[in-house]
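Just so we're aligned, residue 190 is where the sequence shown starts under this note's numbering, counting upward by one. Using N, Cα and C, we set each Cβ at its ideal position, and we do this for glycine too. None of the values given here were measured: they were computed from a predicted structure. Comments concern the structure below.
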Amino acid sequence: MMTGSGNAVLRGLWNAQPALPASCLYDRRGSLLFDEITRLPEYYPARRETEILQAAGRRIVAASAATTLVELGSGTSAKTRLLLDALPVGSTYVPVDVSAEMLAATAENLAIAYPDLTITAVEADFTDARVSLPAATGRRLVAFLGSTIGNFDDHARAAFLSRLADTLSPGDTLLLGTDLVKDTGRLTAAYNDQAGVTADFNRNVVEVLRSRYGAVGLYADDFDHVACWNPAAHRVEMKLRARRTVDAQFPSVRRRWRLPAGGDLLTEISVKFTPSMVDAEVTAAGFTPVDVWTDPAGDFQLTLCRL
Ligand code: AVJ
Numbered sequence: 190m191m192t193g194s195g196n197a198v199l200r201g202l203w204n205a206q207p208a209l210p211a212s213c214l215y216d217r218r219g220s221l222l223f224d225e226i227t228r229l230p231e232y233y234p235a236r237r238e239t240e241i242l243q244a245a246g247r248r249i250v251a252a253s254a255a256t257t258l259v260e261l262g263s264g265t266s267a268k269t270r271l272l273l274d275a276l277p278v279g280s281t282y283v284p285v286d287v288s289a290e291m292l293a294a295t296a297e298n299l300a301i302a303y304p305d306l307t308i309t310a311v312e313a314d315f316t317d318a319r320v321s322l323p324a325a326t327g328r329r330l331v332a333f334l335g336s337t338i339g340n341f342d343d344h345a346r347a348a349f350l351s352r353l354a355d356t357l358s359p360g361d362t363l364l365l366g367t368d369l370v371k372d373t374g375r376l377t378a379a380y381n382d383q384a385g386v387t388a389d390f391n392r393n394v395v396e397v398l399r400s401r402y403g404a405v406g407l408y409a410d411d412f413d414h415v416a417c418w419n420p421a422a423h424r425v426e427m428k429l430r431a432r433r434t435v436d437a438q439f440p441s442v443r444r445r446w447r448l449p450a451g452g453d454l455l456t457e458i459s460v461k462f463t464p465s466m467v468d469a470e471v472t473a474a475g476f477t478p479v480d481v482w483t484d485p486a487g488d489f490q491l492t493l494c495r496l
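Have a look at this one:
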């Protein structure tokens, strides 16, 4: 059933460059496919970020002096535990996720492993400006990992970071994961793996449009998966390219959607950063960079910044 927010999601289809928000990638199957992607040989970001947290997690949490960990787009991944392990006993964990199912599973799993941890789950889309975080007695460390910040374009990133700064208190910290600019071949391979898992992940958007938004006349095999580097925008762009003329209906918004053969639907952007870009963007939002950590290969960066 399409919610009112469906109009906001679908309206990009009728842009000059048709586009959808990255949220359309993540139904249950999409989330499982993304989990599989993180284990692919070509997709280095998740491994590199985990390496950094294994090496520096305790130093990062100590530098934050936080007793509350807020995780935007929480995961049950090993990364979360590397931060929780470093928190003082009696701390609080605030996972923020759109999926109530994911939150429930996370809370259940962590309550066993961390009996002294208070878990306050927040079911919300952290990109929604109206999201408010629960008040905290001590300092908060907000973890926004995975380089998911790269899904936002330049304007949306600035707005997101500024809004986040507005919701935090002086002394709170942000731990931001960012994938760094590197050899274009490695970047595009990470989004177009040999096994075709990313292609399945991308084409799954069509199933989301059918099941969640009621699309009629739209089929996954109408599209090829494309991942390309856009140097001007510093980003990998994931697209669905029409193999043939696409002519579909969206009865819930009473609109027809056509895409000519060879036309592209932009399904995700993944901006890649330089250290100076990260520094400039968090500073512009009101944060002060405290320290940065990279993996030995220099592929990925974690930045701790204080408000
Ligand atoms: C979860 C958004 C960080 O952009 O690298 C992985 C999603 N897309 N492969 C990314 C993704 C294609 C991933 N993020």
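Would you kindly work out how many angstroms separate the C-alpha atoms of residue i and residue j, rounded to a whole number?
i	j	result
Asp480	Gly335	18 Å
Leu398	Asn419	26 Å
Ser400	Ala197	17 Å
Thr307	Arg445	49 Å
Met190	Met291	Reliability fails at Met190, whose pLDDT of 40 lies under 50, so the model's placement of it is uncertain and no value is given.
Ser441	Pro207	18 Å
Glu231	Tyr380	8 Å
Arg346	Leu496	17 Å
Asp317	Ala211	13 Å
Ala296	Val278	17 Å
Thr192	Gly487	With a pLDDT of only 46 at Thr192, under the threshold of 50, the placement of this residue in the model should not be trusted; the figure read from the coordinates follows. Rounded to whole angstroms, Thr192 to Gly487 spans 42 Å at the Cα level.
Thr227	Tyr408	26 Å
Ile458	Arg430	15 Å
Quick check on this structure: which residue in the options has the alpha carbon closest to the alpha carbon of residue i?
i	options	result
Asp274	Val285, Thr295, Gly262 and Gln243	Gln243
Arg392	Asp216, Val198, Asn196 and Ala197	Asp216
Gly327	Asp224, Pro207, Tyr282 and Val370	Tyr282
Leu493	Asp468, Asp342, Gly219 and Ile308	Asp468
Gln490	Gly201, Ile249 and Gly219	Ile249
Arg319	Phe349, Ser441, Gly406 and Asn340	Phe349
Glu312	Arg352, Ala205, Glu260 and Glu238	Glu260
Ala324	Thr257, Asp453, Ile241 and Arg236	Thr257
His414	Leu221, Arg237, Thr434 and Gly451	Gly451
Pro485	Ile241, Leu199 and Ala293	Ile241
Arg247	Trp482, Gly487 and Asp488	Trp482
Arg236	Ala388, Asp410, Asp368 and Lys461	Asp368
Check the DSSP bridge columns for residue i and list the partner residues they point to.
i	result
Lys461	Beta-bridge pairing links Lys461 to no other residue.
Pro478	Cys494
Leu229	Leu229 is not bridged to any residue.
His344	Note: His344 sits in no beta bridge, so no partner.
Cys417	Glu426
Ala396	Looking at the sequence provided, one finds Glu at residue 396 rather than Ala. For Glu396, which the question treats as bridged, DSSP gives no partner whatsoever.
Is it true that the CB of residue j sits closer than 8 Å to the CB of residue i?
i	j	result
Leu365	Val471	yes
Gly262	Asp286	yes
Ser253	Thr362	yes
Gln438	Gly406	yes
Ala422	Thr377	no
Arg447	Asp436	yes
When the cut-off is 8 Å and only beta carbons count, does residue i lie next to chain D?
i	result
Gly487	Protein chains in the displayed structure number just one, and chain D is not present.
Taking only heavy atoms of ligand 3 into account, decide whether any of them is closer than 7 Å to the Cβ of residue i.
i	result
Phe223	This structure lacks ligand 3; the ligands present are ligand 1.
Since residue i and residue j are thought to touch, with beta carbons under 8 Å apart, how far apart are those beta carbons, to the nearest angstrom?
i	j	result
Gly475	Ala293	Contact flag wrong, Cβ pair sits at about 34 Å.
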